[in-house]
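Peer 1:
Residue numbers (the UniProt record's numbering), protein chains in the order written: chain A, 1 to 296; chain B, 1 to 277.
Structure representation (structure tokens):
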């Protein structure tokens, strides 16, 4: 018996040692290191750095460009939030009796798997002020008066970029909602019907709770995604004009790799990590608990 | 009856509108890639050029660029090596977490959970130091080891799949004198094949499309991936939209092909990952 348990231990140890070492070296250690670096003025190449206490945290909070960037993140969040009912609608539509439903399902998810950098360039052209396709569409519709510098007008650039983000990511949510709707066992609905439940009852007590868990997930995905928007503004506008379309992550990365202020950038990274974890906990404890309670 | 027909018509109209929104930007890029420089100015961006003017020169120009070939090669190497280790470590880690109790298990599971929660982009600020310390900067090793160590979605898919396999399978094999390694290699691993297919396909798409890690860690020209090739190409082709458009179309093709052929695996895997979370 003890021989078996020794072999068992051996097996567990040998199997886990490499994946765990990799995880610690490349994920867990960097995360803690970020925290440590956030109290220093390290520039990314010097062998030494100075401990400067909470100076980085103070200058982060005072940085108006960073706040502007965070406000831009909020635009992405709100736009994606408004899309949730539309996404839900499409999910319901695509699982209903619909001719060519399979083809539509393929189409709705396709933007999500296409190369993001390629998409960013496609839309740079689409919204380009010179020979841009979008302006031509407006022209055809006799709406040329609406046409403007889509990617350099400070007032609208974030909405244009959010639209690209919606174009790319909404299909993912549609697929998730479809999966949630389809996971409801058919006999559950039938049993409820036999017991005299009306369509409204079924919707309220069976379908809605089943989707709520997924809405919950999509909401978290939206928050996490909105806080981390990076590649679309990075490729399309590199955060410009000025910082008008910068985002928190974009600004953080620039602070590190362009301005060589790794200390301050680490502080911002810590902030974003704390934000995401706090939101995760709030959502898990409060909203999640609330949803599950309602289900019973 | 009439109501049902009009209902179906309404639905079709909405869906076709959606398809148009999805396809239009891509089709317009394709149109541009078939135009000559002159036609870029003379024809509307919404239309194909006159049939006799259609040109494939833009595609020829991109396809003969030596860095595109390098991009295919580097992306291919990254894919094969990362997927191999991801599958190997993913299956065995999930197997142990699902089937064994041991001291420190909570810590191990907790570490992997933290790994999944930590935001990806900003972690590079400190990971950069680790990569440089290991002399991996400007080598293919940098993205490969990062993909292996930090992309953990396979754990969800494998754990979910393993939890559906009967435990009596393990017990019977062990009673027959099978070693743990043999049990894993000969019995569990082959049974995980469908999950492995899902993991490989989804990860392949993620790796091919990833811009950030190759961009950050491999600035060397020789280490272009498909995606960073496109970024460089875009900078070099400023103003010559028709050639860039051809480049864009070429870079899009690999993942679209994977998607069209393996759609079912992809959609199943995507949904499974989310439900578990």
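Every residue, glycine too, gets a C-beta built ideally from N, C-alpha and C.
Give the residues from the region 154–183 of chain B that approach chain A closer than 8 Å (Cβ to any Cβ), ordered along the chain.
Peer 2: 179, 180, 181
Peer 1: Looking at chain A, which residues of the region 114–135 of chain B have a Cβ within less than 8 Å of any of its Cβ atoms?
Peer 2: 114, 115, 117, 118, 119, 120, 121, 122, 123, 124, 125, 126, 127, 128, 129, 130
Peer 1: Looking at the C-beta of residue 94 of chain A, does it have a partner C-beta in chain B at a distance below 9 Å?
Peer 2: As a working mapping, residue 94 of chain A is identified with position 94 in the first chain. Interface residue, yes.
Peer 1: According to DSSP, is residue 17 of chain B helix, strand or coil?
Peer 2: Walking along the second chain from the start, residue 17 of chain B turns up at place 17. DSSP places residue 17 of chain B within a helical segment (H, G or I) once states are collapsed to three.
Peer 1: If you draw a straight line from the C-alpha of residue 44 of chain A to the C-alpha of residue 34 of chain A, how long is it?
Peer 2: Here residue 44 of chain A corresponds to residue number 44 of the first chain, with the count starting at 1. Here residue 34 of chain A corresponds to residue number 34 of the first chain, with the count starting at 1. Residue 44 of chain A and residue 34 of chain A have their C-alpha atoms spaced approximately 12 Å apart.
Peer 1: Do residue 23 of chain B and residue 83 of chain A count as a contact pair if the criterion is CB distance below 9 Å?
Peer 2: Locating residue 83 of chain A in the first chain gives position 83, where the first residue counts as 1. Locating residue 23 of chain B in the second chain gives position 23, where the first residue counts as 1. Residue 83 of chain A is not a Cβ neighbour of residue 23 of chain B, given a cutoff of 9 Å.
Peer 1: Only counting the same chain, and skipping five residues up and downstream in sequence, which positions put a Cβ closer than 8 Å to that of residue 163 of chain B?
Peer 2: Along the second chain, read from residue 1 onward, the residue named residue 163 of chain B stands at position 163. Around residue 163 of chain B: 98.
Peer 1: Please classify residue 154 of chain B as buried or exposed, where buried requires at least 16 neighbouring CB atoms within 10 angstroms.
Peer 2: Position 154 of the second chain, counting from 1, holds the residue named residue 154 of chain B. Residue 154 of chain B is buried by the Cβ-count criterion.
Peer 1: Please report the distance separating the alpha-carbon of residue 80 of chain A from that of residue 111 of chain A.
Peer 2: To locate residue 80 of chain A, count along the first chain from 1; it is residue 80. To locate residue 111 of chain A, count along the first chain from 1; it is residue 111. Rounded to the nearest angstrom, the two C-alpha atoms are 15 Å apart.
Peer 1: In angstroms, rounded to a whole number, what distance separates the CA positions of residue 193 of chain B and residue 93 of chain B?
Peer 2: Stepping through the second chain from its first residue, residue 193 of chain B is reached at position 193. Stepping through the second chain from its first residue, residue 93 of chain B is reached at position 93. When rounded, the distance between both Cα atoms is 16 Å.
Peer 1: Less than 6 Å between C-beta atoms, sequence neighbours within five positions excluded: which residues of the same chain meet that for residue 173 of chain A?
Peer 2: The residue labelled residue 173 of chain A in the question sits at position 173 within the first chain. Within the same chain, residue 173 of chain A has close Cβ partners 87, 218.
Peer 1: According to DSSP, is residue 258 of chain A part of a helix, a strand, or is it coil?
Peer 2: Position 258 of the first chain holds residue 258 of chain A. In this structure, residue 258 of chain A counts as coil in the three-state DSSP scheme.
Peer 1: Give the C-beta separation of residue 223 of chain B and residue 140 of chain B to the nearest angstrom, bearing in mind that I take them to be a contact with Cβ-Cβ under 8 Å.
Peer 2: Within the second chain, the letter at position 223 stands for residue 223 of chain B. Within the second chain, the letter at position 140 stands for residue 140 of chain B. Confirmed, about 7 Å.
Peer 1: Checking contacts by CB at 9 Å: is residue 277 of chain B closer than that to chain A?
Peer 2: As a first step, residue 277 of chain B must be located in the second chain, where it is residue number 277. Below a pLDDT of 50, predicted positions are generally treated as unreliable, and residue 277 of chain B, at 45, falls in that range; the measurement from the model is reported next regardless. It does: the Cβ of residue 277 of chain B has a partner Cβ on chain A nearer than 9 Å.
Peer 1: Applying a beta-carbon distance threshold of less than 7 Å, which residues of chain B neighbour residue 16 of chain A?
Peer 2: The residue labelled residue 16 of chain A in the question sits at position 16 within the first chain. The contacting residues are 93, 96, 108.
Peer 1: Verify the CB distance criterion: does residue 105 of chain A have a CB-CB separation below 9 Å to chain B?
Peer 2: As a working mapping, residue 105 of chain A is identified with position 105 in the first chain. With its beta carbon less than 9 Å from one in chain B, residue 105 of chain A belongs to the interface.
Peer 1: Determine, using beta carbons only, whether residue 221 of chain B and residue 255 of chain B come nearer to each other than 9 Å.
Peer 2: Position 221 of the second chain, counted from the first residue, corresponds to residue 221 of chain B. Position 255 of the second chain, counted from the first residue, corresponds to residue 255 of chain B. Against a cut-off of 9 Å, the Cβ pair of residue 255 of chain B and residue 221 of chain B comes out as no contact.
Peer 1: Tell me whether residue 267 of chain A sits in a helix, a strand or coil according to DSSP, three-state version.
Peer 2: Residue mapping note: residue 267 of chain A aligns to position 267 of the first chain, counting from 1. Here residue 267 of chain A sits in helix by DSSP.
Peer 1: At a Cβ cut of 9 Å, what residues of the region 251–269 of chain B count as close to chain E, listed as they run along the chain?
Peer 2: Absent from the structure is chain E; the protein chains it does hold are A and B.
Peer 1: Express the C-alpha separation of residue 155 of chain A and residue 148 of chain A in angstroms, rounding to a whole number.
Peer 2: Stepping through the first chain from its first residue, residue 148 of chain A is reached at position 148. Stepping through the first chain from its first residue, residue 155 of chain A is reached at position 155. Those two C-alpha atoms are separated by around 11 Å.
Peer 1: Leaving out five residues on either side along the sequence, give the residues of the same chain with a beta carbon under 6 Å from the beta carbon of residue 9 of chain A.
Peer 2: Your numbering for residue 9 of chain A matches position 9 in the first chain. Counting only Cβ-Cβ distances below 6 Å, and skipping sequence neighbours, we find nothing.
Peer 1: Grab the span of the alpha helix (DSSP H) containing residue 188 of chain A for me, first residue to last.
Peer 2: Within the first chain, the letter at position 188 stands for residue 188 of chain A. First-last of the alpha helix (DSSP H) with residue 188 of chain A: 186–194.
Peer 1: Using the Cβ count rule (16 or more neighbours within 10 Å means buried), how would you classify residue 10 of chain B?
Peer 2: Within the second chain, numbered from 1, the residue matching residue 10 of chain B stands at position 10. By the neighbour-count rule (16 or more Cβ atoms within 10 Å), residue 10 of chain B is not buried but exposed.
Peer 1: If you reduce the DSSP assignment to three classes, tell me which class residue 228 of chain B lands in.
Peer 2: Position 228 of the second chain, counted from the first residue, corresponds to residue 228 of chain B. Of the three classes helix, strand and coil, the one that applies to residue 228 of chain B here is helix, per DSSP.
Peer 1: Would you kindly report the start and end of the unbroken alpha helix (DSSP H) that includes residue 33 of chain A?
Peer 2: Translated into the one-based positions of the first chain, residue 33 of chain A becomes position 33. Segment 29–37, the alpha helix (DSSP H) holding residue 33 of chain A.
Peer 1: Can you tell which of A/151, A/115, A/85, A/191 has its C-alpha closest to the C-alpha of residue 130 of chain A?
Peer 2: Within the first chain, residue 130 of chain A is the residue found at index 130, counting from 1. Comparing Cα-Cα distances from residue 130 of chain A to each of A/151, A/115, A/85, A/191, the minimum goes to A/151.
Peer 1: Using DSSP bridges, identify the partner residues of residue 51 of chain A.
Peer 2: Against the first chain, residue 51 of chain A aligns to sequence position 51. Its beta-bridge partners are A/40.
Peer 1: If the cut-off is 8 Å on Cβ atoms, which residues from the region 25–36 of chain A count as contacting chain B, listed in chain order?
Peer 2: Taking 8 Å as the Cβ-Cβ cut-off against chain B, the residues of the region 25–36 of chain A that qualify are 25, 26, 27, 28, 29, 30, 31, 33, 34.
Peer 1: Please report the straight-line C-alpha distance between residue 91 of chain B and residue 81 of chain B, rounded to a whole angstrom.
Peer 2: On the second chain, position 91 is the one that residue 91 of chain B refers to. On the second chain, position 81 is the one that residue 81 of chain B refers to. Using only the alpha carbons, I get a separation of about 16 Å.
Peer 1: Does residue 249 of chain A have its Cβ less than 9 Å from a Cβ in chain B?
Peer 2: In the first chain, residue 249 of chain A corresponds to position 249, counting from 1. At least one chain B Cβ lies under 9 Å of residue 249 of chain A.
Peer 1: Measuring straight from C-alpha to C-alpha, what distance separates residue 17 of chain B and residue 179 of chain B?
Peer 2: Taking the first residue of the second chain as 1, we reach residue 17 of chain B at position 17. Taking the first residue of the second chain as 1, we reach residue 179 of chain B at position 179. Between residue 17 of chain B and residue 179 of chain B, the C-alpha separation is close to 58 Å.
Peer 1: If you follow the alpha helix (DSSP H) that residue 99 of chain B is in, where does it begin and where does it stop?
Peer 2: In the second chain, the residue the question calls residue 99 of chain B occupies position 99. It spans 66–99 - the alpha helix (DSSP H) in which residue 99 of chain B sits, taken as one unbroken run.
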